[in-house]
Amino acid sequence: METVRPLITKALALIPATDGAVAIDFGIGTGEETGALLHHGYSVIAIDNFKEFLDEVRLRKDVQPHLTRLFTIQANFEELDWRPIPPVDLFVASFSLCFIQPEKFQSIWHHIVKQIKPGGYFIGELYTHLQRNTQIDGFFTEESSELIPLFTEKELRELLKDFESIYFAEAKELYEVQDTGHSEDGTIYSVIARRKELFSS
Ligand SMILES: C[S@@+](CC[C@H](N)C(=O)[O-])C[C@H]1O[C@@H](n2cnc3c(N)ncnc32)[C@H](O)[C@@H]1O
130 METVRPLITK ALALIPATDG AVAIDFGIGT GEETGALLHH GYSVIAIDNF KEFLDEVRLR
190 KDVQPHLTRL FTIQANFEEL DWRPIPPVDL FVASFSLCFI QPEKFQSIWH HIVKQIKPGG
250 YFIGELYTHL QRNTQIDGFF TEESSELIPL FTEKELRELL KDFESIYFAE AKELYEVQDT
310 GHSEDGTIYS VIARRKELFS S
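FYI, the numbering used here numbers position 93 of the sequence shown as 222, with every residue one higher than the one before it.
Have a look at this one:
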């Protein structure tokens, strides 16, 4: 069994869980983070477009005792109907925002921020660069290393303007620049951030 991503483990140690707290796991993969959230007492809304991941998460040993607190939604991030989803205390997007089609990113990010209760938390990775990745039924494709810049550091600060930073780390990642044959450094930011009480957007 895979291990829980260190960023999520760190966040769960830092953030005191409250009774009845609700978390979204946005892009669940094989479900380690969903399992950890349930173990910490959260009700979890697990969102993914790959049915098999959503079926398999229910079979995990660490999830089975908590099935009454697990809700799954099969949807593309880009087509998700946010209206029936309740406001959440925790929004986990672990290595999943890079799969959003870039032209949809801003509108989805706006939904994410609105979905987090004042005082709630965002935990996940944000990128200054992106290769156009797509995921179809668990298979990942990279469309010929097409580079789509997602945001600069300044844009990143703008994205996080409604949050106080709790933890922030940067890691460099090499990416291939389209049609040039050379590589450049991109940055992945790992973020734990608390939504401010007043929402500016
Ligand atoms: C790289 S995995 C990350 C899984 C897990 N959060 C982790 O940290 O290991 C990305 C996840 O997002 C899901 N995904 C990718 N593109 C998606 C999309 N457009 N809509 C919904 N889910 C998507 C995939 O099925 C997969 O479960």
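Using N, Cα and C, we set each Cβ at its ideal position, and we do this for glycine too. Fair warning: this is a prediction, and the values are worked out from it, not measured in the lab.
Distances taken from the Cβ of R134 to the heavy atoms of ligand 1 include one shorter than 7 Å. Between the C-alpha atoms of R134 and S223 there is a straight-line separation of about 8 Å.
Per DSSP, the beta-bridge partners of K301 are T316.
Taking C-beta atoms as the reference points, L141 and I295 fail to come closer than 8 Å.
Counted as a single uninterrupted DSSP element, the alpha helix (DSSP H) harbouring D184 occupies residues 180-186. Short of 8 Å from the beta carbon of L285, and not among the five residues preceding or following it, lie these beta carbons of its own chain, in chain order: L255, T257, Y318. Shortest gap from the CB of G156 to any heavy atom of ligand 1: under 7 Å. The Cβ neighbour count for Q244, taken over all protein chains shown within 10 Å, is at least 16; the residue is labelled buried. Here the C-alpha atom of H239 lies approximately 33 Å from the C-alpha atom of Q193.
Taking 7 Å as the cut-off, one finds at least one heavy atom of ligand 1 near enough to the beta carbon of S223. Here L199 has T163, L167, S172, V173, A175, V186, R187, V192 as same chain residues with Cβ atoms under 8 Å from its own Cβ, once five neighbours each way along the sequence are excluded. When C-alpha distances from V242 are compared across Q230, E293, T281, the shortest belongs to E293.
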